[in-house]
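K.L.:
Going line by line, the protein sequences match chains W and F.
Sequential numbering from 1 applies to the first sequence in the numbering used here.
Sequential numbering from 1 applies to the second sequence in the numbering used here.
Below is one structure. I have some questions about it.
2 protein chains.
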Amino acid sequence: MAELSARKEITVIREGERRLTDDEVVVEAPLTIYLNGRELVTLLCTPDKLESLALGFLRSEGLLNSLDDVAALRLRDDRGAVEVELKNKGGLLEKLYGRRTITSGCGKGTIFYSALDALRSSPVRGDSVTLTAGEVHALMRELQERATLFKATGGVHAAALAGGGKILIFCEDIGRHNAVDKIIGECLRQGMAMEDKVLVCSGRLSSEILLKAAKLRLPMLISRAAPTTLSIELAQTLNITLVGFVRGRRMNIYTHPHRVIDARNA
Amino acid sequence: MAELSARKEITVIREGERRLTDDEVVVEAPLTIYLNGRELVTLLCTPDKLESLALGFLRSEGLLNSLDDVAALRLRDDRGAVEVELKNKGGLLEKLYGRRTITSGCGKGTIFYSALDALRSSPVRGDSVTLTAGEVHALMRELQERATLFKATGGVHAAALAGGGKILIFCEDIGRHNAVDKIIGECLRQGMAMEDKVLVCSGRLSSEILLKAAKLRLPMLISRAAPTTLSIELAQTLNITLVGFVRGRRMNIYTHPHRVIDARNA
Numbered sequence: 001m002a003e004l005s006a007r008k009e010i011t012v013i014r015e016g017e018r019r020l021t022d023d024e025v026v027v028e029a030p031l032t033i034y035l036n037g038r039e040l041v042t043l044l045c046t047p048d049k050l051e052s053l054a055l056g057f058l059r060s061e062g063l064l065n066s067l068d069d070v071a072a073l074r075l076r077d078d079r080g081a082v083e084v085e086l087k088n089k090g091g092l093l094e095k096l097y098g099r100r101t102i103t104s105g106c107g108k109g110t111i112f113y114s115a116l117d118a119l120r121s122s123p124v125r126g127d128s129v130t131l132t133a134g135e136v137h138a139l140m141r142e143l144q145e146r147a148t149l150f151k152a153t154g155g156v157h158a159a160a161l162a163g164g165g166k167i168l169i170f171c172e173d174i175g176r177h178n179a180v181d182k183i184i185g186e187c188l189r190q191g192m193a194m195e196d197k198v199l200v201c202s203g204r205l206s207s208e209i210l211l212k213a214a215k216l217r218l219p220m221l222i223s224r225a226a227p228t229t230l231s232i233e234l235a236q237t238l239n240i241t242l243v244g245f246v247r248g249r250r251m252n253i254y255t256h257p258h259r260v261i262d263a264r265n266a
Numbered sequence: 001m002a003e004l005s006a007r008k009e010i011t012v013i014r015e016g017e018r019r020l021t022d023d024e025v026v027v028e029a030p031l032t033i034y035l036n037g038r039e040l041v042t043l044l045c046t047p048d049k050l051e052s053l054a055l056g057f058l059r060s061e062g063l064l065n066s067l068d069d070v071a072a073l074r075l076r077d078d079r080g081a082v083e084v085e086l087k088n089k090g091g092l093l094e095k096l097y098g099r100r101t102i103t104s105g106c107g108k109g110t111i112f113y114s115a116l117d118a119l120r121s122s123p124v125r126g127d128s129v130t131l132t133a134g135e136v137h138a139l140m141r142e143l144q145e146r147a148t149l150f151k152a153t154g155g156v157h158a159a160a161l162a163g164g165g166k167i168l169i170f171c172e173d174i175g176r177h178n179a180v181d182k183i184i185g186e187c188l189r190q191g192m193a194m195e196d197k198v199l200v201c202s203g204r205l206s207s208e209i210l211l212k213a214a215k216l217r218l219p220m221l222i223s224r225a226a227p228t229t230l231s232i233e234l235a236q237t238l239n240i241t242l243v244g245f246v247r248g249r250r251m252n253i254y255t256h257p258h259r260v261i262d263a264r265n266a
C-alpha cells in the first residue's frame with residue numbers, strides 16, 4: 001500500500017528564530033474510478049482503502065446498491081485507479097452518469113489535477129513580493145478577527161487577499177474552495193491585479209487551492225492549516241511560497257522561503 | 001441579501017445537564033450558475049457575494065479570463081441562481097464543459113442537493129438506536145485517539161461507524177466526503193448493516209454528508225464540528241439525529257434528541 005505521509009524539508013520560524021528541519025506531510029493522490037471500462041471520476045484522496053473509496057463513492061452516487069451488483073473490483077495501484085465492473089451494465093443511472101466527467105478531490109472538485117494543469121500554470125514570478133514573519137502573523141490575526149460568521153457559527157472557512165501587508169478583500173464560505181473563488185471574483189470585479197498579492201486562508205492547502213492560485217500567478221499562500229504532498233510539489237515547481245500552520249508565534253514554510261524575510265533586512 | 005446564519009432550537013447537554021436553547025447556525029444554500037443560458041453547475045455555499053463566486057468559479061475553471069469576457073452578469077436571488085453571458089459564446093472550453101453537469105458544494109460535490117434527493121431518502125427508522133451522552137463522548141474520544149494520520153500531519157479528516165457504543169470501522173482521508181465514502185465501502189465489503197449504526201465524524205456536517213447517511217438509513221450522526229441549516233432541515237425531515245460540537249463535556253443536539261438518552265434511563 002502507498003505511504004500515507006511523507007517527510008518534507010521545511011523552514012520553521014518560531015519566536016523569530018529560523019531553522020531548517022523536516023516535517024510529516026499527508027499524502028494527496030489522485031484516484032481514477034473506471035466503471036465498466038469507462039473513466040467515471042478522479043478523486044483526490046489519501047491513498048488507502050481505495051477499493052472501499054470507489055465502492056462507497058458509487059454507492060453514494062446511487063450507481064450500485066450492494067456488493068451483489070459488483071462483478072469485479074480491481075485496484076490498479078501503479079496507475080492510481082480502481083476498476084469496477086457491474087453485473088448489470090448500462091443501467092439508466094450509468095447512462096446518465098456516463099455523460100459527465102466529474103473530478104472531485106477533497107474539496108470542490110472540478111479542477112482536474114493533471115500534468116496538463118501543472119504545465120498550463122507555468123512558474124510564477126513575483127519574487128519581489130515579500131513579507132516579514134511579523135507581517136505573516138499579523139495577516140493571520142486579522143483574518144481571524146474578521147471571521148465574524150465563523151465566530152457566530154463555527155461552520156465556515158475564511159479567505160483573504162493581501163497586498164502591502166494589508167488585507168484588501170475578505171470572504172467567508174462553508175466551502176474552502178468557494179471562499180477562494182469569491183476572492184478571485186471580487187478581484188475580477190474590482191480590476192485588481194493578483195500576481196503581486198498574497199492569499200491568506202483558514203483551511204487546508206490542497207492541490208486544488210494551489211492550482212487556483214497558480215492560475216492567477218499568486219506568488220504566496222499562507223494558512224493556519226496543513227498542506228499536502230501534492231500542493232507542496234506543485235508549489236515547488238511553480239515557484240510559489242507555501243506557508244502553513246501559521247499559529248501563535250510559529251509558522252512552517254514548505255517551499256521558496258525567500259519570500260519570508262527577516263524584519264532586520266526588511 | 002440572504003441571511004448568512006439562522007437561529008435554530010437545539011438541545012445542549014453540558015456536564016450531564018440537558019436544556020433547550022437556541023444557537024446560531026451557518027446558512028448553506030444552493031447556487032446554480034447558468035452560462036450563456038445553459039445550466040452549468042450547482043454549488044452549495046454561503047449565500048453572499050454570489051456574483052463574485054460565479055465569476056471566480058468560471059475563472060478557476062478557465063471559462064473566462066477577465067471581466068472583459070463578460071457580456072452580462074445577473075443575480076437571480078429568488079431562484080438561487082447567477083446568470084453569466086460571455087461575449088464570445090460557444091468557445092471550445094464552453095463546448096467541452098457544456099457536456100457535463102457538475103455539482104460541487106463545499107465538499108466533494110457530486111451529490112446534487114435537490115428535492116428529489118430528499119424524497120428518494122424517505123425518513124429513517126432506527127428509533128431503537130440510542131446512545132447515552134457518555135457513550136457519545138467516548139466515541140468522539142476514541143475517534144480522536146485513533147486518528148494517527150491526523151496526529152502526524154494535521155491534514156486529514158476522520159470518520160467512523162459505531163455500533164453498540166463501539167467503533168467498528170475507522171477511516172482517515174484528506175477529504176471529509178472521501179472518509180465517509182470509505183466507511184460506506186468498508187461496510188459493503190464486510191456485508192455490515194448500516195441502518196442500526198452511528199456515523200462519527202471529525203468534520204463539518206454539510207448537506208452532502210447528511211444525504212450520504214440518509215441514503216444508507218443511518219439514524220444518527222455525531223461530529224466535533226458544526227452542521228449547516230440545510231443539513232439540520234434534512235435531518236429533521238428524515239428523522240435523523242444530528243449531534244454537533246461534541247467537545248469536552250458538552251454537545252449540541254440539533255434534531256431528534258430522543259436518541260441521546262440519560263444514563264439513568266439507559
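From the three backbone atoms N, C-alpha and C, an ideal C-beta is built for every residue, glycine too.
1. According to DSSP, what are the bridge partners of W:Leu43?
2. Can you give the Cα-Cα distance for W:Leu275 and F:Val136, rounded to whole angstroms?
3. Does the segment 193-208 of chain W come into contact with the segment 147-165 of chain W, if we say contact requires no fewer than three beta-carbon pairs (one atom in each stretch) closer than 8 angstroms?
4. Going by the beta-carbon positions, is the gap between F:Glu83 and W:Thr46 smaller than 8 angstroms?
5. Suppose the cutoff is 6 angstroms on Cβ atoms and the five residues either side in sequence are ignored; what does the same chain contact list for F:Cys187 look like?
6. Buried or exposed: where does F:Leu210 fall if 16 or more other Cβ atoms within 10 Å of its Cβ makes it buried?
7. If you count every other CB in all the chains shown that lies within 10 Å of the CB of W:Arg14, and 16 or more means buried, which is it?
8. Pairs of beta-carbons, one from the segment 217-230 of chain F and one from the segment 244-263 of chain W, closer than 8 angstroms: are there three or more?
9. On the three-state DSSP scale, how would you describe W:His137?
10. Return yes when the Cβ of F:Ala179 is within less than 8 angstroms of the Cβ of F:Gly16, no when it is not.
11. Would you mind working out which of W:Ala225, W:Asp262, W:Arg79 and W:Leu64 sits nearest F:Ile174, comparing C-alpha positions?
12. If we cut at 8 angstroms on Cβ distances, does W:Tyr113 have a partner in chain F?
13. Roughly how many angstroms separate the alpha carbons of F:Arg76 and W:Asp48, rounded to a whole number?
14. Would F:Gly185 pass as a contact of W:Ala71 if the rule is Cβ separation under 8 angstroms?
15. According to DSSP, is F:Pro257 part of a helix, a strand, or is it coil?
16. Count the other CB atoms within 10 Å of the CB of W:Asp68; is the residue buried (16 or more) or exposed (fewer)?
17. Please state the DSSP three-state secondary structure of F:Ser128.
18. Distance check for F:Thr255 and F:Gly165, CA to CA, integer angstroms please.
19. Go ahead and label F:Ala263 buried or exposed: buried means 16 or more other beta carbons lie within 10 angstroms of its beta carbon, across all protein chains shown.
20. Within 10 Å of its beta-carbon, does F:Asn65 have 16 or more other beta-carbons around it, so buried, or fewer, so exposed?
21. With a threshold of 16 other CB atoms inside 10 Å of the CB of F:Asn239, please say whether the residue is buried or exposed.
22. From W:Gly163, W:Leu216 and W:Leu230, pick the residue whose C-alpha is nearest to that of W:Ala138; which is it?
23. Would you tell me roughly how many angstroms separate the C-alpha atoms of F:Val25 and F:His258, rounded to the nearest one?
24. Can you tell me whether W:Asp78 is buried or exposed, with buried defined as 16 or more other CB within 10 angstroms of its CB?
25. Here's the rule: buried if 16 or more other CB atoms are within 10 angstroms of the residue's CB, otherwise exposed. What is F:Arg59?
26. Give the residues of chain W in contact with F:Cys45, contact being defined as C-beta atoms less than 7 angstroms apart.
27. Please classify F:Ser223: does DSSP put it in a helix, a strand, or coil?
28. Report the three-state DSSP secondary structure of F:Gly163 (helix, strand or coil).
29. Please compile the residues from chain W whose C-beta is within a distance smaller than 9 angstroms of the C-beta of F:Ala162.
30. In whole angstroms, what separates the C-alpha of W:Leu20 from that of F:Gly155?
31. When Cβ atoms are compared, which residues of the segment 15-29 of chain F fall closer than 8 angstroms to chain W?
32. DSSP state of F:Arg249, grouped into three classes?
33. Assuming W:Leu73 contacts W:Leu35 under a Cβ cut-off of 8 angstroms, what Cβ separation, rounded to an integer in Å, is found between them?
34. Check W:Gly80 in the structure and name its three-state DSSP category.
35. Going along chain W in order, which residues have a C-beta closer than 7 angstroms to the C-beta of F:Asp181?
36. Once you ignore the five residues that flank F:Leu50 on each side, which residues in its own chain have a CB closer than 8 angstroms to its CB?
P.N.:
Put simply:
1. Taking the first residue of the first sequence as position 1, residue 43 of chain W is located at position 43. Answer is W:Leu31.
2. The structure shown has nothing for residue 275 of chain W, since chain W only spans 1 to 266.
3. Taking a cut-off of 8 angstroms for Cβ pairs, the segment 193-208 of chain W and the segment 147-165 of chain W touch, as three or more such pairs fall below it.
4. The residue labelled residue 83 of chain F in the question sits at position 83 within the second sequence. The residue labelled residue 46 of chain W in the question sits at position 46 within the first sequence. Contact: no.
5. In the second sequence, residue 187 of chain F corresponds to position 187, counting from 1. Taken in chain order, the residues that qualify are Met194.
6. Stepping through the second sequence from its first residue, residue 210 of chain F is reached at position 210. F:Leu210 is buried by the Cβ-count criterion.
7. Taking the first sequence and counting its residues from 1, one reaches residue 14 of chain W at position 14. Exposed, by the Cβ-count rule.
8. no
9. Residue 137 of chain W sits at position 137 when you count from the first residue of the first sequence. Helix.
10. Along the second sequence, one-based indexing puts residue 16 of chain F at 16. Along the second sequence, one-based indexing puts residue 179 of chain F at 179. No. Outside cutoff.
11. One-based indexing of the second sequence puts residue 174 of chain F at position 174. When each option's Cα is compared against that of F:Ile174, the closest is W:Ala225.
12. Locating residue 113 of chain W in the first sequence gives position 113, counting from the first residue. With a pLDDT of 45 at W:Tyr113, under the threshold of 50, the modelled position of that residue is not reliable, and no figure is offered here.
13. Locating residue 76 of chain F in the second sequence gives position 76, counting from the first residue. Locating residue 48 of chain W in the first sequence gives position 48, counting from the first residue. Computed Cα separation, rounded: 43 angstroms.
14. Residue numbering aside, residue 185 of chain F sits at position 185 when the second sequence is read from its first letter. Residue numbering aside, residue 71 of chain W sits at position 71 when the first sequence is read from its first letter. Result no, Cβ atoms of F:Gly185 and W:Ala71 do not sit closer than 8 angstroms.
15. For the purposes of this step, residue 257 of chain F is taken as residue 257 along the second sequence, with counting starting at 1. It is helical.
16. Reading the first sequence from its first residue, position 68 is the one you call residue 68 of chain W. So W:Asp68 counts as exposed.
17. Position 128 of the second sequence, counting from 1, holds the residue named residue 128 of chain F. Note: F:Ser128 maps to coil in three-state DSSP.
18. Reading the second sequence from its first residue, position 165 is the one you call residue 165 of chain F. Reading the second sequence from its first residue, position 255 is the one you call residue 255 of chain F. Roughly 20 angstroms separates the two Cα atoms.
19. Here residue 263 of chain F refers to the residue found at position 263 of the second sequence. With fewer than 16 other Cβ atoms within 10 Å, it is exposed.
20. Position 65 of the second sequence, counted from the first residue, corresponds to residue 65 of chain F. Answer is exposed; the Cβ neighbour count stays below 16.
21. One-based indexing of the second sequence puts residue 239 of chain F at position 239. Classification of F:Asn239: buried, given that the 10 Å Cβ count is 16 or more.
22. As a working mapping, residue 138 of chain W is identified with position 138 in the first sequence. When only C-alpha atoms are compared, the closest one is W:Gly163.
23. In the second sequence, the residue the question calls residue 25 of chain F occupies position 25. In the second sequence, the residue the question calls residue 258 of chain F occupies position 258. Using only the alpha carbons, I get a separation of about 21 angstroms.
24. As a working mapping, residue 78 of chain W is identified with position 78 in the first sequence. Burial call: exposed.
25. For the purposes of this step, residue 59 of chain F is identified with residue 59 of the second sequence, where counting begins at 1. F:Arg59 is buried by the Cβ-count criterion.
26. If you number the second sequence from 1, residue 45 of chain F lands on position 45. Simply Asp173, Ile174, Gly175 and Asn178.
27. Locating residue 223 of chain F in the second sequence gives position 223, where the first residue counts as 1. Looking at F:Ser223 - three-state DSSP - the assignment turns out to be strand.
28. As a first step, residue 163 of chain F must be located in the second sequence, where it is residue number 163. Strand at F:Gly163.
29. Locating residue 162 of chain F in the second sequence gives position 162, counting from the first residue. The premise fails here: F:Ala162 is roughly 17 angstroms from chain W at the closest Cβ pair, so nothing lies under 9 angstroms.
30. The residue given as residue 20 of chain W occupies position 20 in the first sequence. The residue given as residue 155 of chain F occupies position 155 in the second sequence. Each residue's Cα considered, the two are about 21 angstroms apart.
31. Within the segment 15-29 of chain F, the qualifying residues are Glu24, Val25, Val26 and Glu28.
32. Position 249 of the second sequence holds residue 249 of chain F. In the structure shown, F:Arg249 sits in coil (DSSP, three-state: anything other than H, G, I, E or B).
33. In the first sequence, residue 73 of chain W corresponds to position 73, counting from 1. In the first sequence, residue 35 of chain W corresponds to position 35, counting from 1. Not a contact, Cβ separation roughly 11 angstroms.
34. Here the question's residue 80 of chain W lines up with position 80 in the first sequence. W:Gly80 falls in the coil class under three-state DSSP.
35. Indexing the second sequence from 1 puts residue 181 of chain F at position 181. Ordered by position in chain W, the residues that pass the 7 angstroms Cβ test against F:Asp181 are Leu53, Gly56, Phe57 and Ser60.
36. Here the question's residue 50 of chain F lines up with position 50 in the second sequence. Closer than 8 angstroms at the Cβ level, and outside the excluded window around F:Leu50, lie Leu31, Leu75, Asp77 and Val82.
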